Every structure is written in structure tokens, then in C-alpha cells.
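The next block holds one structure in the form of C-alpha cells; read it before the comments.
Protein chains in written order, with the working numbering: chain Y, 13 to 408; chain F, 12 to 473.
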């Protein structure tokens with residue numbers, strides 16, 4: 013006998029009692045009060061260079077600071093007198109033309125941190141830059157309004173801080189079948205099935221059982237619901253395309269989840285930036301394009317908002333390796349059917365007024381973006397989730 | 012000593028206790044057993060990797076540049092960063108194999124109080140040993156040593172803290188996270204104390220030195236006192252605050268006794284600790300007290316990923332053939348030693364647990380001991396290229412390459428009754444339905460039964 017089969021053998025062999033389980037109770041706990049709106053959050057991980065993404069093609073300071081990597085005027089997809097898209101963002105331009113896109117410039121926070129880890133934490137927890145929170149803003153939303161893990165799904169195999177609450181967290185999966193199977197190992201299942209009473213005590217053992225039961229029922233729900241819809245569109249054949257395809261399958265199968273978090277890697281372009289970034293923007297915009305079409309075809313786009321951010325932008329002045337170093341404020345994209353302020357939400361970055369590091373200063377606090385999404389899209393109280401009141405914006 | 016109490020003591024003061032040791036100690040008194048823990052702790056050894064290949068890097072920069080080509084210098088620096096991973100593996104091995112378990116447990120605890128991260132191997136190894144040396148020493152000496160460590164100096168920017176332009180990062184975290192806690196000092200106290208640490212620097216080999224020209228010798232007013240304080244004076248003044256003793260005792264209590272604070276017990280500890288900040292006396296008092304052994308304190312702590320990994324290896328010794336896989340396990344469970352999320356460290360307790368980590372943790376015994384398939388990928392890093400970020404996905408079905416010493420297990424546990432084995436592995440109460448499940452299992456051998464017990468939620472607790 014294979015050693016790894018032994019669990020199967022030894023546990024299935026003894027025909028076990030079947031106690032009417034209370035797992036059903038959890039499964040039936042519907043998310044009655046939640047709005048059916050969805051938010052898909054995409055992090056361009058590593059820090060996307062916003063200046064070469066949305067290019068200030070009439071700005072001398074831009075060209076002076078980036079002799080080796082500035083995008084030439086001729087190749088830019090021009091939008092206004094001063095700003096244009098990187099040529100590899102054609103699909104995004106199409107979304108712009110349809111009025112589906114809002115670009116907010118100069119989004120950041122006071123005293124910016126230039127470490128990937130720390131700045132990601134700040135964006136994930138919605139904290140101040142000198143404050144350490146152990147829960148994410150989406151995690152707090154799940155905990156306060158969603159109650160069950162599948163309210164928020166991260167398209168990965170482990171959970172990021174953004175999805176973590178105090179005692180209720182989101183759930184991570186990039187393959188619902190694997191997630192489901194991992195919860196269905198005979199022994200794991202056996203322990204679950206034998207539970208006859210709810211463990212709602214505050215003690216840690218009760219917490220473990222509760223988490224286990226919720227994990228199992230979330231995995232089952234995600235797998236069984238999402239398998240009813242398989243996307244018919246062809247996504248770019250790369251891991252990011254796959255993440256978005258899975259997300260579309262979740263949304264189009266009417267999964268009752270309201271937040272999705274996807275991280276796309278590769279944006280830390282310290283050297284030979286130009287071609288690397290172009291390829292990344294190509295992958296990003298083509299995948300997003302198919303994703304939006306997929307949702308449109310299923311009439312779910314009207315209820316979905318896509319937020320794209322990076323933990324920071326990059327320095328205005330290029331470095332010696334034809335790359336850029338970690339910077340501060342950056343642009344943020346919002347994509348949706350009913351965007352209020354279409355196109356550019358605010359003014360382009362002021363390159364003549366940089367901070368002491370030579371980085372773009374923020375004019376919009378990133379938590380204002382969150383507050384707007386919470387208040388005006390998910391229809392909950394942003395103050396409850398963000399612990400403070402932030403001015404809401406007018407993009408939705 | 013009662014078996015349950017002995018197990019509890021060893022789970023908190025160390026990483027668990029095996030059957031043979033239990034047999035050996037059970038007839039002895041609490042006083043004897045606790046004293047022996049402290050005696051063994053004194054015989055700790057420093058953790059030393061062979062760093063001779065980096066000798067060149069310890070010279071003054073000028074000399075070094077002359078002798079070495081730039082590329083050579085970079086390659087050596089890269090190697091140093093790789094070596095930090097080896098320190099991670101060596102540290103875990105140490106926790107499994109040390110006979111000074113109390114000292115190692117304290118070291119692990121302090122690493123999450125004086126949180127620090129550094130890529131320079133000879134600095135972070137030195138830091139790690141400073142934690143080890145002071146783990147049961149005097150808290151005042153400890154804080155002063157930490158403040159002078161090169162790794163800490165870099166991590167909290169004290170190297171950039173100069174008279175002409177003070178950097179407050181270290182001063183702030185010193186009070187907020189290391190000694191007093193939020194709300195027990197003012198912003199002005201931070202400003203004044205930052206001045207006292209100006210010019211604190213270190214040589215390439217890690218030794219402390221004061222850059223006199225960068226140091227602010229002027230008068231400072233800090234926590235109500237005025238004088239020409241330096242950094243050591245500031246630490247003295249901080250420790251004069253009873254709040255400091257209370258803050259540390261609270262951390263100790265949550266980690267070693269119960270995640271839920273008992274105010275009376277913490278007050279009792281604070282009174283004792285405040286007298287002389289002797290860590291050894293404090294810990295001795297805890298392990299000797301009656302309340303430490305109250306039922307409400309037994310089996311109620313959620314093991315950290317490292318504690319879980321080490322406690323399994325205490326029962327079944329394993330050897331990793333691919334050490335990188337040890338790093339993979341830590342990543343998937345959310346605790347990579349020497350790589351804390353930020354200066355406030357791991358929050359611990361319930362925050363170790365979400366749907367994904369719990370599932371992984373409960374599968375860990377099968378993955379580690381039973382060749383269960385790994386079908387989950389670790390996250391890519393920020394610095395990775397697009398391809399590298401997702402590269403882990405290519406290899407879909409994987410196993411851990413480990414050698415398991417089942418013969419060692421069988422010698423110690425092979426012939427025990429199911430009930431005895433269960434009592435050794437699980438110290439707290441078992442849920443009654445799960446208990447019934449265990450009692451009804453057809454047990455073929457203790458090896459299989461051991462993996463099964465380790466896979467119930469109760470094993471996550473200590």
C-alpha cells in the first residue's frame with residue numbers, strides 16, 4: 013500500500029457514525045444584507061512606473077529626467093494636450109473611449125514609505141504611514157458585513173494582509189477544485205462530519221473548529237457554484253490572464269462574493285525598464301480587455317468595478333541602469349460601466365514640484381478611493397471600515 | 012509532577028516533551044524540574060555559521076575596494092544574503108535539537124519583541140546571538156545591547172540619525188514597541204530622545220562606535236527629566252517607568268501563560284520585574300507559581316507556525332534534503348524566521364489562522380511525515396520578474412524531500428497504547444466528537460495514529 017493512501021484506508025474502513033451535522037446551518041447563513049455589487053482589486057506588484065504608463069508627453073522635465081527611457085512623443089496614444097497612453101495600452105484606450113475608465117492621478121499618502129513590504133501593508137491595511145494594523149481594509153469589510161470567508165476571494169494560494177480580519181478572513185484560491193479537494197481529504201472530512209454541535213465559544217479551540225467548518229463550506233460553495241460557468245472567451249495565455257478568467261467564472265456563475273483581489277507581479281523595474289514594462293502593460297491591458305468583454309456578455313459588468321493600483325510609483329529621474337527606483341504617488345485606474353467622471357479625474361502630476369526624494373507628491377489620499385468604493389459602490393459605512401472619515405470622490 | 016503539568020511546562024518553556032523524558036522526570040518535584048530547566052538554559056551555545064568566506068568584507072571599505080573588483084564585491088554581498096536563509100534553517104534545527112530549550116524559547120520570544128530584519132549575515136547572526144545571550148539576563152543591559160546592534164541601527168534608521176538632522180524612527184519604536192507602548196510618552200519625548208541617539212554608529216565588523224561630530228551633546232528634557240542625556244541615559248529613564256515593566260510582563264504573560272491577560276497575575280509579575288528587571292527571576296516565578304498550572308492556561312495557545320513545525324519534529328525527527336522546502340512551509344503558514352512582516356512583528360494567536368493557513372497546518376503532518384502531495388504555491392516576491400513571480404506554478408505535484416526517522420519514533424512510541432500516545436500529543440481537552448472519532452478509529456500502528464492525532468485541530472494548540 014502506498015503510504016499516502018493509508019489515511020484513506022484506515023479511516024474509511026471503519027464505517028463511522030453519521031451525526032446530523034450543523035454544517036448546514038453555516039451554509040444557509042445567507043449574505044442577506046450585502047449588495048450584489050462586486051469590486052475586483054488588481055495590484056501591479058513591485059511598483060508600476062505610472063509616468064511611463066500615462067505619459068506627460070509635452071513636459072520637458074519628463075524628457076530631461078529620462079533620457080534613456082522616456083516614451084517618445086510619436087509612439088504615444090494621445091488623449092489630451094498633455095497626457096497620453098503608453099502604446100501597449102491600446103485595449104485600455106478602447107475602454108476609455110467607451111467611457112468605462114477613470115484615471116486618478118497622484119494617489120498616495122503623507123510621509124510615503126518606499127519599501128515594497130511596508131507600502132503594500134499601508135495600502136492593504138489603509139493605515140497611516142507610521143501606524144501598524146494587523147487587519148486589511150477588505151478583511152474588515154468581510155468581517156463586518158460579509159460574515160463568511162467567501163465574501164472576499166484572493167486569486168492565489170495563500171491570503172494577503174488586505175483580506176484579513178480579526179477573526180473572520182477572506183479565502184484564497186486560484187483553483188477552486190484544488191481548494192475543494194484539499195478540504196475533502198478523508199480524514200479532514202471525517203473530523204468535520206463528526207461535529208454535532210456548533211463551536212461558537214470564544215476560546216481558541218472553538219475558533220479553530222469554527223474556522224475549519226467555514227473554510228470547508230466556503231470551499232465547497234465556491235467550487236460547486238463556480239463550476240456551473242466556464243468562460244467561452246480566450247484569455248491571454250499567461251498566469252495573470254488565468255487569474256482574471258477564474259475571477260470572471262466566479263462572477264458569472266453568480267457566486268455571492270463581493271470582493272476579489274488579484275496580484276500581478278513583475279513591476280519592480282530597476283533595470284532595462286522599457287521593454288519589460290511594455291510587455292507587462294500589454295499583458296495587463298489585453299487581459300483586462302477580455303475580462304471586461306466576458307463580464308459584458310453575461311450582463312455582470314454593470315455590477316462590477318475594477319480598481320488597479322501599485323504600492324508606489326517610481327522616481328521621476330531614471331537611474332543609471334535605464335530603470336527607475338522606488339517612488340511615491342502614482343496613478344490609479346477605475347474601470348466600470350457607470351463611471352461618473354470619465355477619463356482623467358484630476359490634473360497630471362506636477363513635475364516641477366517634487367518631494368525631497370524627487371518623487372511625485374500625492375494630491376489624493378488612497379483612502380479616499382477606498383471610502384468612495386465602500387460608501388458609494390458597496391453601500392456600507394466607510395467610517396466603520398477605515399476608522400476615520402475620508403473625503404469621498406466622484407468617480408462612481 | 013503531574014504528567015499534564017509537566018507537558019504544559021515543557022510546551023511553554025520549550026517545544027514539547029517526549030515520552031522518555033516524561034518517564035524520567037515524572038517522579039521529580041516541580042522545584043527540581045524547574046531548576047533543571049534554568050540550569051540547562053545557562054549552557055546555551057551561540058549559533059555560528061561558518062562565515063570565513065566573508066572575512067574580506069569586514070575590512071574598512073577603502074582597503075577592500077583596492078583588493079577586490081566591483082563584481083567580486085557584489086557577488087560576495089549576494090552570497091551573504093543567501094547565507095541569511097541558512098541561518099534560518101540552522102535556527103530551526105537548533106530549536107529541535109537544543110538541550111537549552113528554555114533559552115531557545117526565550118530567544119524566539121525576544122525576536123518578536125525586538126523585531127529586526129537584515130540581509131547582512133554577520134550582522135544578523137550577531138543580532139540573533141545577542142538575543143540568545145540576553146534572553147534570561149537583565150532587561151536593562153538587553154535593551155542597551157539591542158540599541159547598539161548594527162542590524163537594529165540599519166533597520167530603524169539610527170545610522171541616519173545625526174545631530175544636524177535627527178531621524179526619530181528608532182526612538183519612536185523603542186518606546187512604542189520595545190518598552191512602553193503607545194500613549195505613555197509624547198511626540199516631544201520622541202524628538203528629545205532621538206537627539207540622544209544621534210551619532211550612534213558601527214564599524215563594518217559590527218562593533219559599536221560613537222561618531223562624536225554627529226552626536227548632540229546638548230541638554231534634553233525627556234519624560235520630565237532634564238540633562239545632557241545620551242542613549243544609555245534615555246534607556247535608564249524609560250526603565251524607571253513602571254509602565255515599562257508592565258508592558259513587558261504583559262507580552263511575557265500572553266506568550267508564556269495565556270493569550271488572555273489576567274490583570275492580577277500581570278500585576279504580580281510587574282511588581283517583581285520592576286525591582287531589578289531580572290528576566291530569569293521573572294520566568295522562574297511564573298513557572299513556579301500555582302496559577303501557571305491552572306486548567307484555564309493549559310492547551311489554550313495557538314502554536315505559531317515555527318512552534319508547530321518544531322513540535323512535530325520533537326516526536327518524529329526529520330531531515331530536509333531540500334532546505335528550501337523548509338522555507339516554503341514557513342511561507343505558506345505565514346511565519347518566516349528572520350523575515351518579520353514589519354517592526355511590530357507577528358501578531359500571533361488567532362491571527363495565525365485563516366481558512367488557508369488552517370487547512371495547510373492540519374495537512375502539515377501528512378505533508379511532512381506521510382508524503383502527501385503539495386498542490387499549493389507560495390507567493391511570488393516583489394522584486395521578481397513576471398515569469399519568476401509565477402514560476403512556482405509549473406511544478407504542479409510536489410512532495411517534500413525529507414528523511415523521517417520512524418525507527419527513532421518506534422523505539423520511543425511504537426509499543427505505547429493508543430490512549431497513552433494521544434495524551435502525549437494533546438495536552439488540552441479534546442472536543443468530544445473528535446474524541447469519539449479517535450476512539451473509533453481502527454488503529455493499524457502507532458505511526459499512522461500519530462499522524463492522525465497531529466491532524467486534529469487540538470494539535471494546533473499548546
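Just so it is clear, CB atoms sit at the ideal spot from N, CA and C, and this is done for glycine as well. Predicted model, so just to flag it, every value in this text is computed and none were measured.
Should residue 86 of chain F and residue 60 of chain F be called a contact, given that it needs their Cβ atoms to be closer than 8 Å? Taking the first residue of the second chain as position 1, residue 86 of chain F is located at position 75. Taking the first residue of the second chain as position 1, residue 60 of chain F is located at position 49. Against a cut-off of 8 Å, the Cβ pair of residue 60 of chain F and residue 86 of chain F comes out as no contact.
Using the beta-carbon of each residue, which ones in chain Y are nearer than 8 Å to residue 352 of chain F? Reading the second chain from its first residue, position 341 is the one you call residue 352 of chain F. Simply 129, 133, 173.
Specify whether the region 145-163 of chain F and the region 175-190 of chain F touch according to this definition: at least 3 beta carbon pairs, one from each stretch, less than 8 Å apart. yes
Spell out the partners DSSP gives residue 276 of chain Y in its beta bridges. Walking along the first chain from the start, residue 276 of chain Y turns up at place 264. Paired residues: Y:56.
Integer Cβ distance of residue 44 of chain F from residue 155 of chain F, believed to fall under 8 Å: Mapped onto the second chain, residue 44 of chain F falls at position 33. Mapped onto the second chain, residue 155 of chain F falls at position 144. Residue 44 of chain F to residue 155 of chain F, Cβ: 33 Å. No contact.
Could you check what DSSP says for residue 338 of chain Y in three-state terms: helix, strand or coil? Sequence index remark: in the first chain, residue 338 of chain Y carries index 326 (1-based). Of the three classes helix, strand and coil, the one that applies to residue 338 of chain Y here is strand, per DSSP.
Which partner residues does residue 95 of chain Y have in the DSSP bridge list? Residue 95 of chain Y sits at position 83 when you count from the first residue of the first chain. Partner(s): Y:68.
Out of curiosity, what's the CA-to-CA distance linking residue 127 of chain Y and residue 136 of chain Y? Mapped onto the first chain, residue 127 of chain Y falls at position 115. Mapped onto the first chain, residue 136 of chain Y falls at position 124. Going by the C-alpha atoms only, they are around 14 Å apart.
When we look at the beta-carbon of residue 64 of chain F and count the other beta-carbons within 10 Å, is it buried (16 or more) or exposed? In the second chain, counting from the first residue as 1, residue 64 of chain F sits at position 53. By the 10 Å Cβ count, residue 64 of chain F comes out exposed.
Residue 18 of chain F beta carbon less than 8 Å from that of residue 438 of chain F: Counting from 1 along the second chain, the entry for residue 438 of chain F is found at position 427. Counting from 1 along the second chain, the entry for residue 18 of chain F is found at position 7. In contact: residue 438 of chain F and residue 18 of chain F (Cβ atoms closer than 8 Å).
Can you grab the Cα-Cα spacing for the pair residue 300 of chain F / residue 281 of chain F, in whole Å? By 1-based counting over the second chain, the position of residue 300 of chain F is 289. By 1-based counting over the second chain, the position of residue 281 of chain F is 270. Distance between the alpha carbons of residue 300 of chain F and residue 281 of chain F: 14 Å.
Sort Y:223, Y:323, Y:163, Y:200 by Cα distance to residue 54 of chain Y and report the nearest one. As a first step, residue 54 of chain Y must be located in the first chain, where it is residue number 42. The residue with the shortest Cα to Cα distance from residue 54 of chain Y is Y:323.
Please classify residue 261 of chain Y as buried or exposed, where buried requires at least 16 other C-beta atoms within 10 Å of its C-beta. One-based indexing of the first chain puts residue 261 of chain Y at position 249. Buried, by the Cβ-count rule.
Around the C-beta of residue 48 of chain Y, are 16 or more other C-beta atoms found within 10 angstroms, so that it is buried, or is it exposed? Translated into positions along the first chain, residue 48 of chain Y becomes position 36. Looking at its Cβ environment, which holds fewer than 16 other Cβ atoms inside 10 Å, residue 48 of chain Y is exposed.
According to DSSP, simplified to helix, strand and coil, what is residue 67 of chain F? Within the second chain, residue 67 of chain F is the residue found at index 56, counting from 1. If DSSP states are grouped into helix, strand and coil, residue 67 of chain F belongs with the helices.
Could you check the C-alpha separation between residue 369 of chain F and residue 204 of chain Y for me, to the nearest Å? As a first step, residue 369 of chain F is located in the second chain; it is residue number 358 there, counting from the start. As a first step, residue 204 of chain Y is located in the first chain; it is residue number 192 there, counting from the start. Their Cα atoms are separated by approximately 13 Å.
Just checking: is the beta-carbon of residue 471 of chain F within a distance shorter than 8 Å of some beta-carbon in chain Y? Indexing the second chain from 1 puts residue 471 of chain F at position 460. Yes, residue 471 of chain F counts as interfacial toward chain Y.
Those residues which DSSP pairs with residue 116 of chain Y across a bridge: In the first chain, counting from the first residue as 1, residue 116 of chain Y sits at position 104. Looking at the DSSP assignment, residue 116 of chain Y forms a beta bridge with Y:344.
Neighbourhood of residue 359 of chain Y by C-beta distance below 7 Å, restricted to the same chain and skipping five residues each side: The sequence position of residue 359 of chain Y within the first chain is 347, counting from 1. Cβ neighbours of residue 359 of chain Y beyond the five flanking positions: 117.
When the cut-off is 8 Å and only beta carbons count, does residue 159 of chain Y lie next to chain F? Locating residue 159 of chain Y in the first chain gives position 147, counting from the first residue. Residue 159 of chain Y does not count as touching chain F.
For residue 173 of chain Y, which of helix, strand or coil comes out of DSSP? By one-based count along the first chain, residue 173 of chain Y stands at place 161. Residue 173 of chain Y: helix per DSSP, three-state reduction.
In whole angstroms, give me the CA-to-CA distance for residue 277 of chain F and residue 24 of chain F. Here residue 277 of chain F refers to the residue found at position 266 when the second chain is read from its first residue. Here residue 24 of chain F refers to the residue found at position 13 when the second chain is read from its first residue. Roughly 18 Å between the two C-alpha positions.
Have a look at residue 312 of chain Y and residue 51 of chain Y and give me their C-alpha separation to the nearest angstrom. What you label residue 312 of chain Y is simply residue 300 of the first chain in a count that begins at 1. What you label residue 51 of chain Y is simply residue 39 of the first chain in a count that begins at 1. Their Cα atoms are separated by approximately 12 Å.
Identified DSSP bridge partners for residue 289 of chain F: The residue you call residue 289 of chain F lines up with position 278 of the second chain. F:149.
Pull out every residue of the region 243-275 of chain F whose Cβ sits closer than 8 Å to any Cβ of chain Y, in chain order. 270
Would residue 318 of chain Y and residue 348 of chain Y qualify as a contact pair, given that the criterion is a beta-carbon distance under 8 Å? Reading the first chain from its first residue, position 306 is the one you call residue 318 of chain Y. Reading the first chain from its first residue, position 336 is the one you call residue 348 of chain Y. Result yes, Cβ atoms of residue 318 of chain Y and residue 348 of chain Y sit closer than 8 Å.
Could you give the uninterrupted runs of the alpha helix (DSSP H) lying entirely in the region 212-271 of chain F, keeping only those of 4 residues or more? 242-251, 253-267
Against chain Y, does residue 465 of chain F count as a neighbour if the rule is that its beta carbon must be under 8 Å from one of theirs? Within the second chain, residue 465 of chain F is the residue found at index 454, counting from 1. No, because no Cβ of chain Y sits closer than 8 Å to the Cβ of residue 465 of chain F.
What residues in the region 51-83 of chain Y have a beta carbon less than 7 Å from any beta carbon of chain F? 57, 58
Under 8 Å between C-beta atoms, does residue 476 of chain F make it to chain Y? Coverage of chain F is limited to positions 12 through 473, which leaves residue 476 of chain F absent and any answer about it impossible.
Return yes when the Cβ of residue 397 of chain F is within less than 8 Å of the Cβ of residue 293 of chain Y, no when it is not. By one-based count along the first chain, residue 293 of chain Y stands at place 281. By one-based count along the second chain, residue 397 of chain F stands at place 386. Cβ atoms of residue 293 of chain Y and residue 397 of chain F: not closer than 8 Å.
From the DSSP output, in three-state form, read off residue 90 of chain F for me. Start at 1 with the first residue of the second chain, and residue 90 of chain F comes out as number 79. Three-state result, residue 90 of chain F: helix.
Residue 238 of chain Y - DSSP class collapsed to helix/strand/coil: Stepping through the first chain from its first residue, residue 238 of chain Y is reached at position 226. Of the three classes helix, strand and coil, the one that applies to residue 238 of chain Y here is helix, per DSSP.
Skipping 5 residues on each side, what residues in its chain have a beta carbon closer than 8 Å to that of residue 445 of chain F? For the purposes of this step, residue 445 of chain F is identified with residue 434 of the second chain, where counting begins at 1. The residues are 467, 468, 469.
Does the distance from the C-beta atom of residue 151 of chain Y to that of residue 176 of chain Y stay below 8 Å? Reading the first chain from its first residue, position 139 is the one you call residue 151 of chain Y. Reading the first chain from its first residue, position 164 is the one you call residue 176 of chain Y. Contact flag set, yes.
Could you name the residues of chain F that residue 179 of chain Y contacts, counting a contact when the two beta carbons are closer than 8 Å? Reading the first chain from its first residue, position 167 is the one you call residue 179 of chain Y. Simply 361.
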